[in-house]
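Going by the working numbering, the sequence shown opens with residue 89, and the numbers climb by one from there. Here's the structure, in structure tokens; my notes come after.
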Amino acid sequence: MEELKVSACVPATSTETRVKKPDWLRVKLPIGESYRQVRNLVDTHKLHTICESGNCPNMGECWGAGTATFMILGNICTRSCGFCAVATGRPEPVDWDEPQRVAEAIHLMKVKHAVITSVDRDELKDGGSIIWANTIKAVRSLNPDTTMETLIPDFRGQWENLQRIIDVAPEVVSHNLETVERLTKQVRIQAKYHRSLEVIRRLKEGGMRTKSGIMLGLGETKEEVIQAMQDLYDNGCDVVTLGQYLQPTPRHLPVVRFVHPDEFAELREIGYAMGLDYVESGPLVRSSYHAEKHIHSGRA
Numbered sequence: 089m090e091e092l093k094v095s096a097c098v099p100a101t102s103t104e105t106r107v108k109k110p111d112w113l114r115v116k117l118p119i120g121e122s123y124r125q126v127r128n129l130v131d132t133h134k135l136h137t138i139c140e141s142g143n144c145p146n147m148g149e150c151w152g153a154g155t156a157t158f159m160i161l162g163n164i165c166t167r168s169c170g171f172c173a174v175a176t177g178r179p180e181p182v183d184w185d186e187p188q189r190v191a192e193a194i195h196l197m198k199v200k201h202a203v204i205t206s207v208d209r210d211e212l213k214d215g216g217s218i219i220w221a222n223t224i225k226a227v228r229s230l231n232p233d234t235t236m237e238t239l240i241p242d243f244r245g246q247w248e249n250l251q252r253i254i255d256v257a258p259e260v261v262s263h264n265l266e267t268v269e270r271l272t273k274q275v276r277i278q279a280k281y282h283r284s285l286e287v288i289r290r291l292k293e294g295g296m297r298t299k300s301g302i303m304l305g306l307g308e309t310k311e312e313v314i315q316a317m318q319d320l321y322d323n324g325c326d327v328v329t330l331g332q333y334l335q336p337t338p339r340h341l342p343v344v345r346f347v348h349p350d351e352f353a354e355l356r357e358i359g360y361a362m363g364l365d366y367v368e369s370g371p372l373v374r375s376s377y378h379a380e381k382h383i384h385s386g387r388a
């Protein structure tokens with residue numbers, strides 16, 4: 089089997105930041121029988137894991153819960169976001185055998201809930217959407233009991249490409265807003281705030297369960313975060329994740345501040361009060377954190 093890229097969190101994180109991390113960002117070492125089983129499979133079959141190389145704080149918990157995230161369409165992105173450690177450049181040609189290999193890896197690892205993400209492939213006419221659709225179909229065929237979340241790009245607003253995702257109907261479709269409107273140009277250089285909102289709206293109109301994520305600590309205000317959550321809700325978003333931004337390398341955007349857990353808890357309650365169906369909010373939250381739970385409502 090060729091090497092596959094697997095991650096338990098998106099985006100990858102690192103211990104390199106310009107300011108000292110507070111105590112609440114510390115996590116326990118991964119333990120448990122389910123984690124050990126996945127660990128052995130990954131080692132035996134040489135499955136490269138971004139969750140390891142990125143030092144993801146949630147690797148043990150996610151693997152123990154039977155959740156893993158697979159990155160398709162290579163590891164070179166056509167975009168250069170200020171927060172992301174994925175390499176920018178000219179991607180390799182599309183690998184048309186990749187969907188079957190991802191499906192086989194999910195089967196091998198006995199993944200109960202698979203999150204699939206990708207780099208941006210703006211150089212492709214279809215934006216990679218054909219591989220996306222083929223991967224979802226291959227995973228479903230070989231793993232009928234595995235549920236799926238797809239964390240997709242914006243396909244540059246080419247809506248026929250987005251429709252390919254809707255047509256194969258994964259259980260959850262996610263597209264991250266990443267930050268507030270004011271900071272979008274700085275944080276997501278080639279992205280557009282309102283285009284991302286339109287992705288969510290079109291997915292909801294297509295009958296999808298929708299999800300998006302926002303990073304905190306990049307210089308946004310509390311009011312701007314609440315407005316971004318409201319914008320997502322107004323455009324049909326069901327699930328929102330809120331987590332602390334961590335600087336991947338010294339070349340990336342610095343952490344402006346570490347947001348206290350109490351503020352994350354307050355934002356969770358604000359999100360539920362405005363009508364969101366599930367709000368995952370905390371310093372260690374990443375897009376895929378507790379993803380297996382996001383299929384269902386988080387409202388009491």
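C-beta atoms are modelled at their ideal positions from N, C-alpha and C, and glycine is treated no differently. Given the structure is predicted, the values throughout are model-derived calculations rather than measurements.
Among the bridge pairs identified by DSSP, I302 is matched with E266 and L330.
As the crow flies, the alpha-carbon of K310 is around 13 Å from that of G331. Boundaries for A379: no beta strand (DSSP E) harbours it, and the DSSP string shows neither H nor E there. With a threshold of 16 other beta carbon atoms within 10 Å, T337 falls short and is exposed. For V190, the enclosing alpha helix (DSSP H) begins and ends at E186 to M197. With contacts defined as CB atoms closer than 9 Å, P187 and V227 qualify as a contacting pair.
Apart from the 5 residues on each side of it in sequence, F243 sits with its Cβ closer than 7 Å to the Cβ of G215, S217, N249 and L250 in its chain, given in chain order.
Around C169, the same chain offers V275, R276 and I277 as residues with beta carbons nearer than 7 Å, after the five sequence neighbours per side are excluded. If the five residues before and after W247 are omitted, its C-beta is found closer than 8 Å to the C-beta atoms of R290, all from its own chain and listed in chain order. For D208, the closest C-alpha among the options T166, E308, H263 and E266 is that of T166. For V287, the enclosing alpha helix (DSSP H) has its first and last residue at Y281 to E293. G162 and E211 have their C-alpha atoms some 13 Å from each other. A contact between stretches requires three or more CB pairs, one per stretch, nearer than 8 Å, and the stretch 353-372 meets this requirement with the stretch 316-334.
In this structure, DSSP gives A202 an extended state, which the three-state scheme calls strand.
A361 and C172 have their C-alpha atoms roughly 31 Å apart. DSSP links C165 through a beta bridge to T176.
In the three-state reduction of the DSSP assignment, V182 falls in the coil class, being assigned neither a helical nor a strand state. I240 and V261 do touch by the CB rule: their CB atoms are close to 6 Å apart, below 8 Å. Rounded to whole angstroms, the gap between the alpha carbons of V203 and L320 is 21 Å. Take the alpha-carbon of W112 and the one of V347: they are about 10 Å apart.
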